[in-house]
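**Q** My questions will all concern the structure given below.
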Ligand code: KE4
């Protein structure tokens, strides 16, 4: 099936005259997979439709938020109603409390939370609060974990994983980056070594409990328990960045699935139901630091606005219905079996990882356990696989180092089509 992307190409050329790289977020530009990005005109359920009218089964789902599928009627109806009352007041509304209570009920590790407008804002604020609470400056993050574009996180491991960070992007001052220490994910020994040296200066440790930003990398047995135990031993604030894993790995996120109680949690994506929402929260003694209750400043013009809250509330109402996650798990497992069988029948060596409804296929025959092993996979082959799947009407994340997502709207037919396309795409790639 030869799809034309003529309209998308025209739109991309035009976008590049006024937006850097023609996109408002870099990964959308298809740089990692080649070719030009598709401009999307509409979406419904499990499908997205590009400017040339081509239909795709969507496994990006806006990078996670659209767990119900696109344009869910209950969410759309509620949004239309709310928007008639105005869109933002810059004053408190009952909707913010309603969504906050819904989230706190599902994440008992959080006593209180603050709404913000993105995952980046949530993680930036969370480390500022942890620094304010502990009076310490340094933070530990893990290689390959992405926490948004805050300066503190755009840092790569200095030479030797336990030395101080160096900027990973121009514009991040060296003096700032040196407060971020990066340690390999799944490596408790390296973490212990770092802590022996630096523990007294460390305010917090932040990690994606399942790493969705180098593909999908699962914590080794005992890793999260080890991290939790070490943060308690050294009195360091443990922050779970569940912007992606929240309501994805399970209804209660990775902290529920792996039974770990972090001191703070960052959320985003699903809790906004496709509207800009992030949130950070945690123990009441830590959140008491947040202005205006406490001295740590954080603010936002549109934080908690009624439209975004409405989308989040309706999304969580549907997700909290009984059997929803049983239904999601069945779909995700069927997809996993289909993709694994397709690779096997095509004679292609891949490693597939999944946590709840997030997943990833690597082109490698070695286990992928961290940034280094993820980077060693055959990204060129992934790019060819991506393009072959696109030709067959399946829209995967345009980078090996991203996770794929499935929604309540994906049907058995969608999954069968995907598996058939994958068999042909594996052979061609
Ligand atoms: P946002 O600022 O993009 O809402 O959230 C940042 C963020 C924080 N923490 C985790 C674990 C995340 O995955 C993200 C954002 N994820 C990327 C996808 N890998 C968003 C897509 C993009 O950058 O365009």
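Numbering (my numbering), first residue to last: 20 to 448.
Backbone N, C-alpha and C define an ideal beta-carbon position, used for all residues, glycine too.
Quick one: Cα of residue 318 to Cα of residue 148, how far?
**A** Taking the straight line from one Cα to the other gives about 13 Å.
**Q** Check the C-beta distance from residue 64 over to residue 89 and give it rounded, since I have them as a contact under 8 Å.
**A** Right, the Cβ-Cβ distance comes to about 6 Å (below 8 Å), so this counts as a contact.
**Q** Please classify residue 37: does DSSP put it in a helix, a strand, or coil?
**A** DSSP places residue 37 in coil when its eight states are reduced to three.
**Q** Of the choices 141, 96 and 383, whose alpha-carbon is the least far from that of residue 393?
**A** It is 383.
**Q** If you scan the segment 100-130 from start to end, which runs of the alpha helix (DSSP H) of 4 or more residues do you find wholly inside it?
**A** Within the segment 100-130, the complete alpha helix (DSSP H) runs of at least 4 residues are 113-125.
**Q** Should residue 174 be labelled buried (16 or more other beta-carbon atoms within 10 Å of its own) or exposed?
**A** Its Cβ being crowded by 16 or more others within 10 Å, residue 174 is buried.
**Q** Which word fits residue 103, buried or exposed, when buried means at least 16 other C-beta atoms lie within 10 angstroms of its C-beta?
**A** Residue 103 comes out exposed.
**Q** List the endpoints of the continuous alpha helix (DSSP H) containing residue 437.
**A** Residue 437 -> alpha helix (DSSP H) spans 431-447.
**Q** Under the criterion of a Cβ to heavy atom distance below 7 Å, does residue 46 qualify as lining ligand 1?
**A** Yes, Cβ of residue 46 sits closer than 7 Å to a heavy atom of ligand 1.
**Q** Going by DSSP in three states, residue 396 sits in which element: helix, strand or coil?
**A** Three-state DSSP puts residue 396 in coil, outside helix and strand.
**Q** Please state whether the Cβ-Cβ distance between residue 86 and residue 266 is less than 8 Å.
**A** For residue 86 and residue 266, yes; Cβs fall inside 8 Å.
**Q** How about residue 151 and residue 408: do their beta carbons lie closer than 8 Å?
**A** Not a contact, by the Cβ cut-off of 8 Å.
**Q** Is residue 328 helix, strand or coil by DSSP?
**A** Three-state DSSP puts residue 328 in a helix.
**Q** Quick one: what does DSSP say residue 47 is sitting in, helix, strand or coil?
**A** It is helical.
**Q** Leaving aside the five residues before and after residue 30 along the sequence, list all residues of the same chain whose C-beta is less than 8 Å from its C-beta, in chain order.
**A** If we look at residue 30 and ignore the five residues flanking it on each side, its Cβ neighbours are 58 and 70.
**Q** Using a 10 Å radius around the Cβ and a threshold of 16 neighbouring Cβ atoms, would you call residue 167 buried or exposed?
**A** Buried.
**Q** For residue 302, I'd like the list of residues in its chain whose CB is within less than 7 Å of its CB, leaving aside the five on either flank, ordered along the chain.
**A** Once the five neighbours on either side are set aside, the close Cβ partners of residue 302 are 130 and 282.
**Q** With distance defined between alpha-carbon atoms, name the residue in 276, 191 and 156 nearest to residue 344.
**A** The candidate whose alpha carbon is nearest that of residue 344 is 276.
**Q** When the distance is taken between beta carbons, is residue 221 closer than 8 Å to residue 157?
**A** Contact flag set, yes.
**Q** Bridge partners for residue 285 per DSSP, in chain order?
**A** Paired residues: 260 and 299.
**Q** Considering only DSSP beta bridges, list what residue 132 is partnered with.
**A** Looking at the DSSP assignment, residue 132 forms a beta bridge with 300.
**Q** Between residue 142 and ligand 1, is there a pair consisting of the residue's CB and a ligand heavy atom that are separated by less than 7 Å?
**A** Checking every heavy atom of ligand 1 against the Cβ of residue 142, one is found closer than 7 Å.
**Q** What's the gap between the Cα of residue 351 and the Cα of residue 364?
**A** Taking the straight line from one Cα to the other gives about 20 Å.
**Q** Quick one: grab the DSSP three-state call for residue 92.
**A** Reduced to three states, the DSSP call for residue 92 is helix.
**Q** Is the number of C-beta pairs between the segment 377-391 and the segment 123-142 that are closer than 8 Å three or more?
**A** No, the segment 377-391 does not touch the segment 123-142.
**Q** For the beta strand (DSSP E) holding residue 451, just list the boundary residues, first then last.
**A** Residue 451 falls outside the range modelled here, since the chain spans only 20 to 448, and no answer is possible.
**Q** Leaving out five residues on either side along the sequence, give the residues of the same chain with a beta carbon under 7 Å from the beta carbon of residue 271.
**A** Once the five neighbours on either side are set aside, the close Cβ partners of residue 271 are 125 and 126.
**Q** Report the CB separation of residue 372 from residue 236 in whole angstroms; it is logged as a contact under 8 Å.
**A** With 8 Å as the limit, residue 372 and residue 236 qualify as a contact, their Cβ atoms being about 7 Å apart.
**Q** Under 6 Å Cβ to Cβ from residue 224, same chain only, skipping five residues before and after it: list those, please.
**A** The residues are 159, 250, 255 and 257.
**Q** According to DSSP, what are the bridge partners of residue 77?
**A** Answer by DSSP bridge pairing, in chain order: 414.
**Q** For ligand 1, is there a heavy atom less than 7 Å away from the beta-carbon of residue 260?
**A** Answer for residue 260: yes, Cβ within range of ligand 1.
**Q** Does the distance between the C-beta of residue 201 and the nearest non-hydrogen atom of ligand 1 fall short of 7 Å?
**A** Because no heavy atom of ligand 1 lies under 7 Å away, the Cβ of residue 201 does not count as near it: no.
**Q** When DSSP labels each residue in this structure, what does residue 181 get in the three-state scheme?
**A** Unreliable placement is indicated for residue 181, whose pLDDT of 48 sits below 50; no coordinate value is reported for it.
**Q** Let me check one thing: in DSSP terms, what residues is residue 201 bridge-paired to?
**A** Answer by DSSP bridge pairing, in chain order: 160.
**Q** Taking only the alpha-carbon atoms, compute the straight-line gap between residue 405 and residue 288 and give it to the nearest angstrom.
**A** Their Cα atoms are separated by approximately 24 Å.
**Q** Verify the contact flag: residue 165, CB atom, against every heavy atom of ligand 1, threshold strictly below 7 Å.
**A** Yes, Cβ of residue 165 sits closer than 7 Å to a heavy atom of ligand 1.
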